[in-house]
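Q:
Protein chains in written order, with the numbering used here: chain C, 1 to 361; chain U, 1001 to 1294; chain B, 2001 to 2376.
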């Protein structure tokens, strides 16, 4: 974040010093801020061929980074942003970093799975204006080395089982707290409704996680770290994303992603237009462009993320389709706990809990 | 830092504005890129998060002292930095001595290159390569198990020792070069004179070499201490589950809690407290900053 | 001064650095309490000899004896020698007291005794009360004396000095020469002194070893070297000399007649000069007389008419440059006294010197050595 604002300042200074008025680029450009794997080279090339617009992409590692970057520039410098939906209302209310969407300009709206579209639009409607539509979705659950841990079904609590103490890994971030909370029997997302309930629950979960800290080999921070730990069999069970599990499963068939008994944690990533967007028309063009079934299928195949577009799985190779179906039988999909929009006190409480867990010995 | 040499015979007399022109990039750098953002952060550190209307607010600073979690993390971070500094010193001092006083000609150049080369690679890559070396299924374990030294792999990553190794490695160059500089400037005849007067090797080291190298040692220690205290990447990646570092707390405040005000306050506390440590260190060893900077 | 006891003796001392022989079969001995100088141009191996005596270099072969004991294998910190370095090598961060006390502390001398001995030594070198000064507060001459005090306080068998006056300015150097000699006299320690300055060596030494290309050319007392140089190098290097080059014309016993341009000079043939070869002739300026054309010539002297080209009045002495023939000049030094006649430039004069004071050498030895003769 700090780097970013410095970088911008550097640009200003250089421009000022040299006294060069930067002319608008001859070629129209569109700037995206999104996750790795959400845009492929082929998509960028096809989009340029179709519209003549050049696409520039900035990647983020987590939602907070995206929000901080937009916040630092007042939303300038980016046209399309792709945050997770649960952060969007709170960030918008506090920092005003997005602009309302004109749904009539989104011609591919009908391609989106209706339940997802409805959920996202409901969550991100502020003062009667809609701020985002869904792009992809996915879950957190458990990734298991079935050679080492063989069970009929898995629970979040299996991560903390002392039978394989030291062979488990999770993040020390919010999804770990949520998963453990469900494992302990809390209805985690319902407790969002009051600060007192939420704080009380988080204290309990934190105490539990601290008591089990000795059994965690390490907290993974990047997707790659999670992959390394599981692939090298340094850990046998991990809380992680479904995409990570499927990625591992392609190479190591005994490593599988499971939706836990308590229900996987479901997230939806969205498309928003930044408040400071310069190329608004281009932004709508891009949103329309990516929301077609074959491009969504291409995205799942390349990036391993499930698309919000209807029928996208129809464009998948059979083995990949099988992995996904194995992880999500119909009842497991119904069982997903979707991250709700977060109230403003949640960030502070969960940041404190995370620090307490990491600092504990 | 000799300043302007008035007594030099050939004094360089450029056009009058030359000095100003020379300084412009530095001044721009300092004011626009360093002072500017810091002033901004300093101001917001005295504002309550999401309640700027309340005006001047000390709570962000008070929280550091009232919440034991934060100052405990800070103390732990400072201890890590101190231990790392000493660890780095104990590795670099003999190496610098070898480079300055024993290595000759092409050997010397080659060795210095070997020390400097890794620093042409990004810190991230260097940290990852350490992780590949140290991890349970890593290179060192593979070698040790193959040789039969270990009966089974030992986890060498994700603990304090790994942090020390990573941090020391990351700051090695900054310790080595100042010490190498002062030792290179140490007249060999001083060592011979001491020997001639009956001193043993250890006495020479303690009585002649060490006092002479103190400014370099202090400079190296200050740089390494500050770098280590402000490092984010290495402890986060290599430290594993117990490694909460103060910089990570600042990151969390800015990024996770969306609380720039608290983050700024922590940032300034880090600056202040690390300055305090350096000051205490200088006091303790009787060094002066002007001498060290020279 | 010289006693029968020998403090330092080297035998066949040789040091090779790769193919280069820095010191070549050098032998000499230094009697107790004497001031011994190694004199030679830079690169002649004198410093290497000093470093072998002090223990910083190991001889390739040959032996070093100190106080009768062979010390080849003993490291510098356990030899009873101390070295005053060319750059003095005082410890810049230590006070004068700590510098002088350094060696005593290494020997675990009790604190009270250290204080006493350092104080006494500083008095001896003329620096009483300087204990707490920092090194950078001292003048060049004072540093010099601290460096010597630092060694002498250890009461070494031999004090080795490596051109310690080299860094001082001319005036201070003149002063320190006498100081050093007096000091040596007072303390009675054996000094081995290295220099390329023949003036220093002549002033201070009891014995001088003149070195060239790793070898000792001649050892002797200063007067001996001055009055009877063994080789052309010694003649040229030690003291001031007129040097003339010519060719042997005739020879009768020890006497040779040498043709120098249009002149014919008679002199004493030195070993090495054979047959009708090229010769170098050395005549000391002090041994040349100058007078007007009509003045009588002393018995046995050879006289040449000439023209005064330069006259330099130096207070106690006057120097004249007299041209004997085109391209052949001779320098004459005469003591200044009221009864001595003075000459001016362009005066017609007569110069004369004895053939006994004329040394004729073979030209071989000096060969490729360039040096300015008659300047120091």
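C-beta atoms are modelled at their ideal positions from N, C-alpha and C, and glycine is treated no differently.
Remember, it's a predicted structure, so these values are computed and weren't measured experimentally.
1. Name the one or two DSSP bridge partners that residue 222 of chain C has.
2. Return yes when the Cβ of residue 154 of chain C is within less than 8 Å of the Cβ of residue 182 of chain C, no when it is not.
3. State the DSSP-derived secondary structure class of residue 2302 of chain B, mapped to helix, strand or coil.
4. Per the contact definition of three or more C-beta pairs closer than 8 Å, is the segment 2197-2208 of chain B in contact with the segment 2043-2058 of chain B?
5. Could you round the C-beta distance between residue 2317 of chain B and residue 2333 of chain B to whole angstroms and report it? I think they count as a contact, below 8 Å.
6. Within the segment 1078-1124 of chain U, note down every full alpha helix (DSSP H) run reaching 4 residues or more, in order along the chain.
7. Would you say residue 2054 of chain B faces chain U, with C-beta separation under 8 Å as the test?
8. Since residue 1195 of chain U meets chain B, which of its residues come closer than 7 Å, beta carbon to beta carbon?
9. So with CB distances below 9 Å, who are the chain B contacts of residue 1211 of chain U?
10. Identify the contact partners of residue 1255 of chain U in chain C, using a Cβ-Cβ distance below 8 Å as the criterion.
11. Residue 2011 of chain B by DSSP, collapsed to three states: which one?
12. Got a sec: which bits of the segment 1132-1158 of chain U sit with their beta carbon under 8 Å from any beta carbon on chain C, in order along the chain?
13. Any C-beta of chain U within less than 8 Å: which residues of the segment 2301-2329 of chain B qualify?
14. Taking the continuous beta strand (DSSP E) assigned at residue 2207 of chain B, which residues delimit it?
15. What residue range does the beta strand (DSSP E) around residue 2335 of chain B cover?
16. Here's the rule: buried if 16 or more other CB atoms are within 10 angstroms of the residue's CB, otherwise exposed. What is residue 64 of chain C?
17. Using the Cβ count rule (16 or more neighbours within 10 Å means buried), how would you classify residue 2061 of chain B?
18. Closer than 8 Å, CB to CB, is residue 2233 of chain B near chain U or not?
19. Please confirm whether residue 308 of chain C and residue 136 of chain C have their CB atoms less than 8 Å apart.
20. Any beta-carbon of chain B closer than 8 Å to the one on residue 1084 of chain U?
21. Just how far apart, CA to CA, sit residue 76 of chain C and residue 208 of chain C?
22. Listed in chain order, which residues of the segment 248-271 of chain C have Cβ atoms closer than 9 Å to some Cβ of chain U?
23. Compute the Euclidean distance between the alpha carbons of residue 2269 of chain B and residue 2059 of chain B, then round it to the nearest angstrom.
24. Can you name the residues of chain C whose CB is closer than 8 Å to the CB of residue 1073 of chain U?
25. Assign residue 254 of chain C to one of two classes, buried (16 or more other C-beta atoms within 10 Å of its C-beta) or exposed (fewer than that).
26. Whose C-alpha, out of B:2164, B:2033, B:2197, is nearest the C-alpha of residue 2040 of chain B?
27. Taking 8 Å as the CB-CB cut-off, is residue 1103 of chain U touching chain B?
28. Using a Cβ-Cβ cut-off of less than 8 Å, list which residues of the segment 203-220 of chain C approach chain U; keep chain order.
29. Taking DSSP as the reference, what is the three-state secondary structure of residue 2122 of chain B?
30. What does residue 1208 of chain U touch in chain B if you count any residue whose Cβ is under 8 Å from its own?
31. List the residues of chain B that residue 1198 of chain U touches, going by C-beta distances under 8 Å, in chain order.
32. Would you mind telling me which residues of chain B sit closer than 9 Å to residue 1053 of chain U, beta carbon to beta carbon, in chain order?
33. From this set, B:2280, B:2244, B:2033, which residue's C-alpha is nearest residue 2330 of chain B's C-alpha?
34. Looking at C-beta atoms only, is the number of pairs between the segment 296-305 of chain C and the segment 85-104 of chain C that lie closer than 8 Å three or more?
35. How should residue 1092 of chain U be labelled, buried or exposed, when 16 other C-beta atoms within 10 angstroms of its C-beta is the threshold for buried?
36. Among the residues of its own chain, which have a CB less than 7 Å from the CB of residue 2001 of chain B, if the five just before and after it don't count?
A: Reading it off the structure:
1. Mapped onto the first chain, residue 222 of chain C falls at position 222. None, per the DSSP bridge assignment.
2. Numbered from its first residue, the first chain carries residue 182 of chain C at position 182. Numbered from its first residue, the first chain carries residue 154 of chain C at position 154. Contact flag unset, no.
3. Taking the third chain and counting its residues from 1, the one referred to as residue 2302 of chain B is at position 302. DSSP places residue 2302 of chain B in strand when its eight states are reduced to three.
4. no
5. Position 317 of the third chain holds residue 2317 of chain B. Position 333 of the third chain holds residue 2333 of chain B. Right, the Cβ-Cβ distance comes to about 5 Å (below 8 Å), so this counts as a contact.
6. 1105-1116
7. For the purposes of this step, residue 2054 of chain B is identified with residue 54 of the third chain, where counting begins at 1. Chain U, which has a Cβ nearer than 8 Å to the Cβ of residue 2054 of chain B, makes this yes.
8. Counting from one through the second chain, the residue named residue 1195 of chain U turns up at place 195. Within chain B, the residues near residue 1195 of chain U are 2076, 2077.
9. Counted from its first residue, the second chain places residue 1211 of chain U at position 211. Result: 2091, 2093, 2094.
10. In the second chain, residue 1255 of chain U corresponds to position 255, counting from 1. Within 8 Å Cβ-Cβ: 1, 62, 64, 65, 68.
11. In the third chain, counting from the first residue as 1, residue 2011 of chain B sits at position 11. Residue state, collapsed to three classes: strand.
12. 1135, 1136, 1137, 1155, 1157, 1158
13. none
14. Residue 2207 of chain B sits at position 207 when you count from the first residue of the third chain. First-last of the beta strand (DSSP E) with residue 2207 of chain B: 2207-2212.
15. Translated into the one-based positions of the third chain, residue 2335 of chain B becomes position 335. It spans 2328-2335 - the beta strand (DSSP E) in which residue 2335 of chain B sits, taken as one unbroken run.
16. Counting from one through the first chain, the residue named residue 64 of chain C turns up at place 64. Buried.
17. Locating residue 2061 of chain B in the third chain gives position 61, counting from the first residue. So residue 2061 of chain B ends up on the exposed side.
18. Numbered from its first residue, the third chain carries residue 2233 of chain B at position 233. No, its Cβ sits nowhere closer than 8 Å to a Cβ of chain U.
19. As a working note, residue 308 of chain C is residue 308 in the first chain. As a working note, residue 136 of chain C is residue 136 in the first chain. Yes; because the gap between Cβ atoms is below 8 Å, this pair is in contact.
20. Your numbering for residue 1084 of chain U matches position 84 in the second chain. Chain B contact via Cβ: absent.
21. Within the first chain, residue 76 of chain C is the residue found at index 76, counting from 1. Within the first chain, residue 208 of chain C is the residue found at index 208, counting from 1. Their Cα atoms are separated by approximately 42 Å.
22. none
23. Within the third chain, numbered from 1, the residue matching residue 2269 of chain B stands at position 269. Within the third chain, numbered from 1, the residue matching residue 2059 of chain B stands at position 59. Their backbone Cα atoms lie some 38 Å apart in a straight line.
24. As a first step, residue 1073 of chain U must be located in the second chain, where it is residue number 73. Here the neighbours are 355, 359.
25. Walking along the first chain from the start, residue 254 of chain C turns up at place 254. Residue 254 of chain C is exposed by the Cβ-count criterion.
26. Here the question's residue 2040 of chain B lines up with position 40 in the third chain. With distances taken between Cα atoms, residue 2040 of chain B lies closest to B:2197.
27. Position 103 of the second chain holds residue 1103 of chain U. Chain B contact via Cβ: absent.
28. 213, 216, 217, 218, 219
29. Looking up residue 2122 of chain B in the third chain gives position 122. If DSSP states are grouped into helix, strand and coil, residue 2122 of chain B belongs with the helices.
30. Numbered from 1 along the second chain, position 208 holds the residue referred to as residue 1208 of chain U. Within 8 Å Cβ-Cβ: 2091.
31. Against the second chain, residue 1198 of chain U aligns to sequence position 198. Those within 8 Å of residue 1198 of chain U in chain B are 2077, 2078, 2103, 2106, 2107, 2154.
32. As a position in the second chain, residue 1053 of chain U is number 53, starting the count at 1. Those within 9 Å of residue 1053 of chain U in chain B number zero; the least Cβ separation is about 60 Å.
33. Position 330 of the third chain, counted from the start, is the residue given in the question as residue 2330 of chain B. If we check each option's Cα against that of residue 2330 of chain B, B:2244 comes out closest.
34. no
35. Working through the second chain from its first residue, we reach residue 1092 of chain U at position 92. Per the 10 Å Cβ criterion, buried.
36. Along the third chain, read from residue 1 onward, the residue named residue 2001 of chain B stands at position 1. Per-residue confidence for residue 2001 of chain B stands at a pLDDT of 39, beneath the threshold of 50, marking its modelled position as unreliable; the derived number appears in the next sentence. Excluding positions up to five away in sequence, the list reads 2033, 2034, 2206.
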